[in-house]
Amino acid sequence: LTDVSELVSGAEQLYGQMFGGEAARVAVCAPGRVNLIGEHTDYNEGFVLPMALPLVTVVVGSEISSQNVTLVTAASDADEPQRLDLCLSSDGSSLSPGLPRWANYVKGVIQHYRAPPVPGFRAVIATSVPLGGGLSSSASLEVAFYTFLQQLKPDDGNQVSKAVACQQAEHTHAGVPCGIMDQFVSVLGREGHALLIDCRSLDATHIPLGDPGLVILITDSNVRHSLSCSEYPMRRRQCEEAASILGKDSLRDATMKDLEGRMDDVIYRRACHVIEEIERTVQAAEALKRGAYEEFGMLMVASHNSLRDLYEVSCRELDELVSAAMEVEGVFGSRMTGGGFGGCTVTLLLTQAIEKTIHHIQVRTQTCIKIYCMYTISITMTIQKGIFIGIFSIYTYMENMNLRDVWRTLNPAGREYPFHSNAHVYSRIDYLLADGRMLPYVRNTTYH
21 LTDVSELVSG
31 AEQLYGQMFG
41 GEAARVAVCA
51 PGRVNLIGEH
61 TDYNEGFVLP
71 MALPLVTVVV
81 GSEISSQNVT
91 LVTAASDADE
101 PQRLDLCLSS
111 DGSSLSPGLP
121 RWANYVKGVI
131 QHYRAPPVPG
141 FRAVIATSVP
151 LGGGLSSSAS
161 LEVAFYTFLQ
171 QLKPDDGNQV
181 SKAVACQQAE
191 HTHAGVPCGI
201 MDQFVSVLGR
211 EGHALLIDCR
221 SLDATHIPLG
231 DPGLVILITD
241 SNVRHSLSCS
251 EYPMRRRQCE
261 EAASILGKDS
271 LRDATMKDLE
281 GRMDDVIYRR
291 ACHVIEEIER
301 TVQAAEALKR
311 GAYEEFGMLM
321 VASHNSLRDL
331 YEVSCRELDE
341 LVSAAMEVEG
351 VFGSRMTGGG
361 FGGCTVTLLL
371 TQAIEKTIHH
381 IQVRTQTCIK
391 IYCMYTISIT
401 MTIQKGIFIG
411 IFSIYTYMEN
421 MNLRDVWRTL
431 NPAGREYPFH
441 SNAHVYSRID
451 YLLADGRMLP
461 YVRNTTYH
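Take 21 as the starting number for the sequence shown in the working numbering and just add one per residue.
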């Protein structure tokens, strides 16, 4: 697992290489997310229960005096070219979607930025969120880039409007008719909490995740997806068709009784999943508040089965990972997470079940699988049994990190002073010495 400060450092080095040794003046960061339950309900105005991750996208860069923009990605999995130069034209034609695809997310954010016109800039992007892995690499990029633009030309700072603008960017420029969940939790997530989001009202409730006996395991199937392909948009159209048949604004307003004898089998099954998943998510949030982890786990499994059988967005690899996890004593529940067609599973289990669960998954799958193991308290990161395992506390990362305005400073005597800012800040990244040199902040975490 790459630490944020390492990502920033690598991006800064690449920036210097690309732009004649010039130093980046701004650095920002936004997290990916894992959805605990509530899949394909956000664009149906239902409930979702995600949490922010310490897998992040960083953007470093500087404003320039012209209207030119240069974008560079350090992500090896991104499509070519990894550099794009454009001029911000008054008619917006330079922001039309095209190739490379990764740049379309940035173009969309520029197009929908709420304090136009955007000045020219140079920027380098780096990420630890696996692309196409169901952990919201796209929303992480959108929110990080919006935050970068806020440093160049501040908007009104409204967090919900920021999330909506990033969602619009994905709709118009990436061709993905996503709901609001991914962008919302990337903007508004809080350390040590899941976030119950009402995707109709956009009200949100933070639910604490602080039980030291619990672990959340994220297992990457290594099957990559592209949500702009026909299947994801088709699911949304099918839901809209079901709502239209029922005379409802969305499936949020529908009940199972409403569905009886009203539509063909495929549309019925899609609507069935959404209606039941919305109810499961509300029940799961209440179970989490009570510490009823067995109940929460059963709801996770029911969610996966529904996504597999009714919504048909799972795949063999995801099903095998869920099945393997559920065979281990101490595992409460497991399910696919994200849009589907590949990506990751999320599993809730007891701390003492970690080692045997990881070993069992390795034996069952007979492949090298990347696993992110999240304690709800800070703990050491390690490597076990040949599988990469990142064990970390549940951080919510800062949205604003200006290299000239870091959270903590050291005075000549070495005493530490809090840095106060209007930014939504939860994590320390660096110390800024009095002479301007950066001193990496070392968390209570060891990296091997």
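Built from N, CA and C at the ideal position, the CB exists for glycine as well.
Own chain partners of residue i with C-beta closer than 7 Å, once the 5 adjacent residues on each side are dropped
i: Arg328; result: Ser334, Asp339
i: Leu73; result: Pro51, Gly52, Arg53, Val54, Leu155
i: Phe39; result: Arg142
i: Asp97; result: Leu151
i: Ser323; result: Ile57, Glu59, Glu297, Arg300, Arg355
i: Val199; result: First, the amino acid is wrong: residue 199 is Gly here, not Val. Answer for Gly199: Asp62, Tyr63, Cys219, listed in chain order.
i: Phe352; result: Tyr313, Glu314, Phe316, Gly317, Leu368, Leu369
Buried/exposed call for residue i, threshold 16 Cβ in 10 Å
i: Arg300; result: buried
i: Met394; result: buried
i: Leu119; result: exposed
i: Pro70; result: buried
i: Met254; result: exposed
i: His191; result: exposed
i: Asp202; result: buried
i: Arg424; result: Interpretation of Arg424 is limited by its pLDDT of 30, a score under 50 that renders its predicted location unreliable; the figure taken from the coordinates is listed afterwards. Arg424 is exposed by the Cβ-count criterion.
i: Arg336; result: exposed
Reduced DSSP secondary structure (H/G/I, E/B, other) of residue i
i: His191; result: helix
i: Pro150; result: coil
i: Val28; result: helix
i: Phe361; result: coil
i: Thr387; result: coil
i: Gln404; result: Residue confidence for Gln404 is low, a pLDDT of 26 falling below 50, so the modelled location carries little weight; the figure read from the coordinates is stated next. In this structure, Gln404 counts as strand in the three-state DSSP scheme.
i: Val333; result: coil
i: Ala373; result: helix
Option nearest residue i by Cα separation, candidates the options
i: Val144; options: Val205, Ser181, Leu69, Val28; result: Val28
i: Gly41; options: Cys49, Ala345, Glu32; result: Glu32
i: Arg256; options: Val48, Thr61, Gly36; result: Thr61
i: Ser85; options: Ala263, Val207, Thr357, Cys107; result: Cys107
i: His488; options: Glu349, Thr357, Gln188; result: No answer is possible for residue 488: the residues shown for the chain start at 21 and end at 468.
i: Tyr313; options: Ala189, Ser343, Gly233; result: Gly233
i: Leu208; options: Pro197, Ser221, Thr225; result: Thr225
i: Tyr331; options: Ala185, Cys259, Ser158; result: Cys259
i: Gly311; options: Pro228, Ile389, Val78; result: Pro228
Residues near residue i in its chain [Cβ-Cβ closer than 8 Å; skip 5 each side]
i: Leu172; result: Val46, Glu83, Val138, Pro139, Phe141
i: Met276; result: Cys292, Ile295, Glu296
i: Val76; result: Val24, Leu27, Cys49, Ala50, Pro51, Gly52, Thr147, Ser148, Val149, Ser160, Ala164, Tyr417
i: Asn88; result: Asp105, Leu106, Cys107, Leu108, Gly140
Beta strand (DSSP E) segment containing residue i, residue limits
i: Ala135; result: Where Ala135 is concerned, there is no enclosing beta strand (DSSP E), given that its DSSP letter is neither H nor E.
i: Pro70; result: 67–83
i: Met356; result: 351–357
i: Gly52; result: 46–57
i: Thr275; result: Where Thr275 is concerned, there is no enclosing beta strand (DSSP E), given that its DSSP letter is neither H nor E.
i: Thr90; result: 88–93
i: Ala224; result: 224–228
6 Å CB neighbourhood of residue i in its chain, flanking five on each side removed
i: Phe204; result: Ala183, Ile217
i: Leu266; result: Ala274, Asp278
Host alpha helix (DSSP H) of residue i (start-end)
i: Arg257; result: 251–266
i: Cys292; result: 285–310
i: Asp175; result: Counting along the chain, Asp175 falls outside any alpha helix (DSSP H), and DSSP gives it neither H nor E.
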